[in-house]
Amino acid sequence: MKYDVRQLPLISNREIAQGIFDMRLAYHQADLPVLCGQFAHVYVPGKTLRRPISVCDASDGELRLVYQVKGGGTEIMSQMQSGTVDVLVPLGNGFDIQSGRRYCLIGGGIGVPPMLYTAKQCDRPLIITGFRNQSLVILQDDLQAQGETLLCTDDGSAGQKGFVTDLLRARIGEVDEVCACGPTPMLKAVAAVCKEFGKPCQVSLEERMGCGVGACLVCAVKVRKNGEEVMQHVCKNGPVFNAEEVVF
Amino acid sequence: MADLSVKVAGVSFNNPLIAASGTFGFGREYGEFYPLSTLGGISCKGITLKKRDGNPPPRIAETPSGILNAVGLQNPGVDVFIKEDLPWLRQQGTVIIANTAGNTVEEYCQMAEKLSETDVDMIELNISCPNVKSGGVQFGTSCEAVEDITSRVRRYCKKPLIIKLSPNVTDIASIAKAAEAAGADAISMINTLTGMRIDIHTRRPIIRNNTGGLSGAAVFPVAVRMVWQVANAVKIPIIGMGGITTWEDAVEMLMAGATALQIGTVLFSDPYAPVKINEGLNRFLDENGIKSVTELTGTVQPWN
Numbered sequence: 000m001k002y003d004v005r006q007l008p009l010i011s012n013r014e015i016a017q018g019i020f021d022m023r024l025a026y027h028q029a030d031l032p033v034l035c036g037q038f039a040h041v042y043v044p045g046k047t048l049r050r051p052i053s054v055c056d057a058s059d060g061e062l063r064l065v066y067q068v069k070g071g072g073t074e075i076m077s078q079m080q081s082g083t084v085d086v087l088v089p090l091g092n093g094f095d096i097q098s099g100r101r102y103c104l105i106g107g108g109i110g111v112p113p114m115l116y117t118a119k120q121c122d123r124p125l126i127i128t129g130f131r132n133q134s135l136v137i138l139q140d141d142l143q144a145q146g147e148t149l150l151c152t153d154d155g156s157a158g159q160k161g162f163v164t165d166l167l168r169a170r171i172g173e174v175d176e177v178c179a180c181g182p183t184p185m186l187k188a189v190a191a192v193c194k195e196f197g198k199p200c201q202v203s204l205e206e207r208m209g210c211g212v213g214a215c216l217v218c219a220v221k222v223r224k225n226g227e228e229v230m231q232h233v234c235k236n237g238p239v240f241n242a243e244e245v246v247f
Numbered sequence: 000m001a002d003l004s005v006k007v008a009g010v011s012f013n014n015p016l017i018a019a020s021g022t023f024g025f026g027r028e029y030g031e032f033y034p035l036s037t038l039g040g041i042s043c044k045g046i047t048l049k050k051r052d053g054n055p056p057p058r059i060a061e062t063p064s065g066i067l068n069a070v071g072l073q074n075p076g077v078d079v080f081i082k083e084d085l086p087w088l089r090q091q092g093t094v095i096i097a098n099t100a101g102n103t104v105e106e107y108c109q110m111a112e113k114l115s116e117t118d119v120d121m122i123e124l125n126i127s128c129p130n131v132k133s134g135g136v137q138f139g140t141s142c143e144a145v146e147d148i149t150s151r152v153r154r155y156c157k158k159p160l161i162i163k164l165s166p167n168v169t170d171i172a173s174i175a176k177a178a179e180a181a182g183a184d185a186i187s188m189i190n191t192l193t194g195m196r197i198d199i200h201t202r203r204p205i206i207r208n209n210t211g212g213l214s215g216a217a218v219f220p221v222a223v224r225m226v227w228q229v230a231n232a233v234k235i236p237i238i239g240m241g242g243i244t245t246w247e248d249a250v251e252m253l254m255a256g257a258t259a260l261q262i263g264t265v266l267f268s269d270p271y272a273p274v275k276i277n278e279g280l281n282r283f284l285d286e287n288g289i290k291s292v293t294e295l296t297g298t299v300q301p302w303n
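Okay, here's the thing in structure tokens:
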């Protein structure tokens, strides 16, 4: 059986920026190998749907989920302080990281967390992070420990003023491939820059999700396969897709 | 250990729990949690004559104790289902129900004809999908339309025929009677209730289709009431569904008049719900000295 629901002991769950929480669950990579870019589907007591949260890190006996409180479900998650958390993990297809290639990892806002575990799989990655403003900046120390990390904000309140694509344009010549996670307009812009410079690009997409395993077909994304547009699903075929194939 | 097996229209199920169409794909994904023989049966994702891409996303929104969905019948088409999915499904040791939807009555007839030549166990007519522009629910909201489609499909259908009813009607008992009179072997009910949610910040409906079908615990009391009304109006068996979440819900639905049950939305929070519901049912039967689950059907004692 490929899937199982696990009850993982909660180690900590604290706010690391305005409305952004860092949940750590006791977990052993040997029992349950998680790949970078995969996600966990978290059961929220009293809610009909689980909450899909990308894996921020899966090292040192901890599964780390960094998430933003967006509604009632994540609000309940943010109040969990003890006991176990019911998670369906690992789900989806993550980033394909090959040795001998230099990667640029781009995260925008709450799309930054999966880039930490991804950075740990890469050799000397160039990491670009972008946020709306200073109050939402997260994970800078963790990322800097993995490679050169650049920071920008929309309003210039932290790091350089501007967008991740401005930084990418300046440095894209140094890397072989780009991996990105963030809001759809950002991914679209990153994909366009990569295309312009002829660099392969992997993007991690988000869509409102149901079952998390590919049965209910709600988290649809249109992709181009062999010249034909087909509907695939973020949970099962993704969340990581080849940017060239995504019909944004 | 009580006997959990049931029979619907001559088809035997190992237990009364059937995966509801649209929540379970063609079984492959949940087959990675437990053997599909854990379930009495599977009602497959609704299939159409030709492949459909479905609606643009978002296709789902959470609601109090439920969800709205508007997938729009994304499926590979009946021929691909028969060739690529059915042979695998057939090996899983569970009853296979093909759920079909069409744009026209002729399409339902053509699919019934094709599927009658395969080894599916039953055919369920989805005349209650609220999320497609043509077809779907328009065939299921008047007695005349239900009688017409049921009798016409009946001529082509050599398998036991289940008519899946919409709750978005004024008098569901009369619709069920029309299906029975036209030759239906069983009724399954209820499909989703049409609903809507709006994002107050963007003033846009959350679902791209604007409206969607409501399912989950929120609809359970409506489903129980409707199953009870239909059970009092027809003699053919009823497959009860709509928000069944716990084994107690399953008992309640059986008492209301269902012979078998479909479960769907609960799987999204707990993939193991069928296992737990069957365990609870078995315990309840043993504790009450009831030998067979069939003894619960229709045993509600209404107040006078």
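Sequence lines, in order, name chains A and B.
Be aware that the first sequence starts at 0, since it is given in numbering that gives the first Met the number 0, and climbs by one per residue.
Be aware that the second sequence starts at 0, since it is given in numbering that gives the first Met the number 0, and climbs by one per residue.
C-beta: ideal position from N, C-alpha, C; glycine also.
Item, Value
"Closest by C-alpha distance to Leu-135/A, when choosing among Cys-151/A, Cys-121/A, Ala-144/A, Asp-122/A", "Cys-151/A"
"8 Å Cβ cutoff met for Ile-171/B and Ala-178/B", "no"
"Residues from the region 176–208 of chain A in contact with chain B, defined by Cβ distance under 8 Å", "Glu-206, Arg-207, Met-208"
"Chain-ordered residues of the region 211–223 of chain A with a beta carbon less than 9 Å from chain B", "Gly-211, Val-212, Gly-213, Ala-214, Cys-215, Leu-216, Val-217, Cys-218, Ala-219, Val-220, Lys-221"
"Interfacial residues, the region 64–95 of chain B to chain A, with Cβ spacing under 7 Å", "Ser-64, Gly-65, Ile-66, Asn-68, Val-70, Gln-73"
"Within-8 Å CB hit, Tyr-66/A to chain B", "no"
"Under 7 Å by beta carbon: chain B residues contacting Leu-34/A", "Those do not exist, as Leu-34/A stays about 17 Å from chain B at its closest Cβ, beyond 7 Å."
"At least 3 beta-carbon pairs within less than 8 Å: the region 73–88 of chain A vs the region 224–231 of chain A", "no"
"Identified DSSP bridge partners for Lys-160/A", "Thr-152/A"
"Amino acids of chain E, ordered along the chain, whose beta-carbon sits closer than 9 Å to that of Thr-22/B", "The structure shown contains no chain E; its protein chains are A and B."
"Pick from Asp-147/B, Val-233/B, Ile-235/B, Ile-262/B that is closest to Ile-189/B, judged by C-alpha positions", "Ile-262/B"
"Where Lys-221/A falls: helix, strand or coil (DSSP)", "strand"
"C-beta contact flag for Gly-70/A and Ala-25/A at 8 Å", "no"
"Straight-line gap, Ile-127/A to Ile-105/A (C-alpha atoms, nearest Å)", "5 Å"
"Whether Arg-50/A touches Thr-73/A by CB criterion (8 Å)", "yes"
"Close-in-space but distant-in-sequence residues of the same chain around Asp-198/B (CB under 6 Å, 5 per side omitted)", "Ile-205"
"Where Met-185/A falls: helix, strand or coil (DSSP)", "helix"
"Residue from Phe-247/A, Asn-241/A, Val-246/A with nearest C-alpha to Asn-92/A", "Asn-241/A"
"Val-246/A at chain B interface by Cβ criterion, 8 Å", "no"
"Pick from Val-88/A, Asn-12/A, Asp-30/A, Ile-19/A that is closest to Asp-3/A, judged by C-alpha positions", "Val-88/A"
"Chain-ordered neighbours of Gly-53/B on chain A, where CB pairs are closer than 8 Å", "Leu-216, Ala-219, Met-230"
"Rounded distance between the beta-carbons of Val-54/A and Tyr-102/A, thought under 8 Å", "Not quite, the Cβ-Cβ distance comes to about 17 Å (not below 8 Å), so this is no contact."
"Three or more C-beta pairs below 8 Å linking the region 29–40 of chain A and the region 39–56 of chain B", "no"
"Proximity test, Cβ basis, 8 Å: Pro-204/B and chain A", "no"
"Within-8 Å CB hit, Glu-278/B to chain A", "no"
"Terminal residues of the alpha helix (DSSP H) in which Ile-75/A lies", "71–77"
"Proximity below 8 Å, CB of Leu-72/B to CB of Ala-100/B", "yes"
"Thr-169/B, buried or exposed, once every other Cβ within 10 Å from all chains shown has been counted against 16", "exposed"
"Cβ of Pro-369/B within 8 Å of any chain A Cβ", "Summary: the structure shown does not reach residue 369/B, with chain B confined to residues 0 through 303, and so no result is reported for it."
"Alpha carbon of Leu-142/A to alpha carbon of Arg-207/A, nearest angstrom", "28 Å"
"Selection from Cys-215/A, Glu-243/A, Ala-219/A, Cys-234/A that minimises the alpha carbon distance to Thr-22/B", "Cys-215/A"
"Residue closest to Cys-180/A, alpha-carbon to alpha-carbon, out of Ala-219/A, Gly-211/A, Val-229/A, Pro-238/A", "Pro-238/A"
"Cβ-based contacts, 8 Å cut-off: residues of the region 257–276 of chain B near chain A", "Thr-264, Leu-266, Phe-267, Ser-268, Asp-269, Pro-270, Tyr-271"
"Proximity below 8 Å, CB of Ile-276/B to CB of Ala-249/B", "yes"
"Residue-chain proximity (Glu-251/B, chain A), Cβ-Cβ < 8 Å", "no"
"Spatial distance of Arg-203/B from Gly-211/B (CA atoms)", "14 Å"
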